[in-house]
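Below is one structure, written out as structure tokens; comments come after it.
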Amino acid sequence: MKKTLTIILALVLALGVLAGCGSSASTPSASEAPATEAPADASEAPAALTPLVVGASSTPHAEILESVKDVLAAEGYDLQVVVYDDYVLPNTALADGELDANYFQHTPYLNSFNASNGTDLVSAAKIHYEPFGIYGNGVSDLSELQPGATIIIPADDSNETRALLLLQQEGLIKLPDDASAEKGVNLDIVDDGGYNVTPVQADTVPSVLANSDAGTIAVINGNYALQAGLKVADALAIEDASGDAAQTYANIIAVRAGDETSEKTLALVKALQSDAVKTFIADSYNGAVVAIF
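Our numbering puts the sequence shown at residues 1 to 293.
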């Protein structure tokens, strides 16, 4: 009897061990744990923005460009604004392929630059117009200008022409009868009115005026006047907006020839020629910059 009980007990213990092994095997190991939710398909991640590199003068061009960064980002472009403080390097950089476009100049200056440097840059769009103004040092009205007074003007061909046309508009000098914005005059003054007309580098005109003798006046580019803190309301005279100067001297988006209809150029022009930019210009510059689209 004892032998029989012993055998039965051994069988029970063996069955218990087998049951325990079965239970352990059914428990998932750490490596067999259910997988978490698969990550999203990589194709659903936001696409990288395409760089769009534009050279510009700081005021107002770079400021206007900054105002459309988000618009261009929504179109897939990372607008990168490179600021220049002269009128040569942004064209050189564009011709060399360092920039996709630039925004700082008007067509007569661009044409003059191409002719002098053998480059092939073209206008893709007109954006705004900056009225040239006459500003004085110790002169509150042009009628106060004394014989022999110095009149400072920008020296480069196209801006020099523009300055001379403004001086003629105000009756201070006389130019040839066929003088025009498109034709150019290159200091071909028929009658200087007894004044000392002095060309200097365009970006230095405001500082030269500030350090000149009292009684001096200067014709200053709109963007350089803004940078110098000068206001159109303080100008002794400004270009007639009804003349051909507004169209002729409109500030443009310049690109390499052949890129006028590239996707980048079209996106940039569309962003700039918008009602939002027109409002930004009107609200920001109080007449010193005027949208022309």
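We treat Cβ as the ideally placed atom computed from N, Cα and C, and that holds for glycine.
query, result
"Just reading off the beta strand (DSSP E) that Ala366 is part of, what are its end residues?", "Within the shown structure, residues of the chain are numbered from 1 to 293, placing residue 366 beyond reach of any answer."
"Would you call the segment 147-163 and the segment 89-96 touching, i.e. three or more CB-CB distances under 8 angstroms?", "no"
"Kindly indicate the opening and closing residues of the beta strand (DSSP E) around Ser57.", "50-57"
"What is the DSSP secondary structure of Lys174, reduced to helix, strand or coil?", "strand"
"List the whole-angstrom C-beta distance separating Ile173 from Ile189, where the pair is believed to meet the contact cut-off of C-beta under 8 angstroms.", "5 angstroms"
"Just mark Ser319 as buried or exposed, buried being the case when its beta carbon has 16 or more other beta carbons within 10 Å.", "The structure shown does not extend to residue 319, since the chain is modelled only from 1 through 293, so no value can be given for it."
"Considering only the beta carbon of each residue, do Pro199 and Glu160 sit closer than 8 angstroms?", "yes"
"Taking the continuous beta strand (DSSP E) assigned at Val255, which residues delimit it?", "251-256"
"Can you grab the Cα-Cα spacing for the pair Asp78 / Asn196, in whole Å?", "48 angstroms"
"Roughly how many whole angstroms lie between the Cα atoms of Ser262 and Tyr249?", "24 angstroms"
"Classify Pro199 as helix, strand or coil using the three-state DSSP reduction.", "strand"
"What residue range is occupied by the uninterrupted beta strand (DSSP E) comprising Val219?", "216-220"
"Classify Asn335 as helix, strand or coil using the three-state DSSP reduction.", "This structure does not reach residue 335, given that the chain is present from 1 up to 293, and the question cannot be answered."
"Count the other C-beta atoms from every protein chain shown that fall within 10 angstroms of the C-beta of Asp100, then say buried if there are 16 or more, exposed otherwise.", "buried"
"Check whether the segment 229-242 touches the segment 275-293, counting contact only when three or more Cβ pairs, one atom from each stretch, lie closer than 8 angstroms.", "yes"
"Roughly how many whole angstroms lie between the Cα atoms of Lys278 and Pro176?", "37 angstroms"
"Would you kindly work out how many angstroms separate the C-alpha atoms of Ile281 and Ile220, rounded to a whole number?", "20 angstroms"
"Let me know if Ala138 comes out buried or exposed under the rule of 16 or more other beta-carbons within 10 Å of its beta-carbon.", "The amino acid at residue 138 is misidentified as Ala; the sequence shows Gly. By the neighbour-count rule (16 or more Cβ atoms within 10 Å), Gly138 is not buried but exposed."
"Nearest to Asp203 by CA position, among Val83, Tyr87, Val68, Tyr109, is which residue?", "Tyr87"
"State yes or no: is the C-beta of Val277 nearer than 7 angstroms to some heavy atom of the ligand FMN?", "Of the ligands one can find in the structure shown there are none, so the ligand FMN has no counterpart to examine."
"Any chance you could list the beta strand (DSSP E) runs of at least 3 consecutive residues sitting entirely within the segment 52-92, in chain order?", "77-84"
"Cutting at 6 angstroms between CB atoms, please list the residues of its own chain near Leu57, excluding the five before and the five after it.", "It is worth fixing the name first, because residue 57 is Ser in this sequence and not Leu. Phe104, Asn223, listed in sequence order."
"Compare the Cα-Cα distances from Ala237 to each of Asp213, Leu167, Arg256, Asn211 and report the closest residue.", "Leu167"
"Over what stretch of residues does the alpha helix (DSSP H) that includes Ile281 continue unbroken?", "275-285"
"Glu239: buried (16+ other C-beta within 10 angstroms of its C-beta) or exposed?", "buried"
"To the nearest angstrom, how far is the alpha carbon of Ala163 from that of Val68?", "31 angstroms"
"Does the beta-carbon of Pro51 have 16 or more other beta-carbons within 10 angstroms, so that it is buried, or is it exposed?", "exposed"
"Can you check whether the CB of Ile252 is closer than 8 angstroms to the CB of Ala125?", "yes"
"Look at the Cβ atom of Phe113, then the Cβ atom of Thr119, and state whether they are nearer than 8 angstroms.", "yes"
"Going by Cα to Cα distance, which pick from Asp283, Asn111, Glu170, Ser212 is closest to Gly133?", "Glu170"
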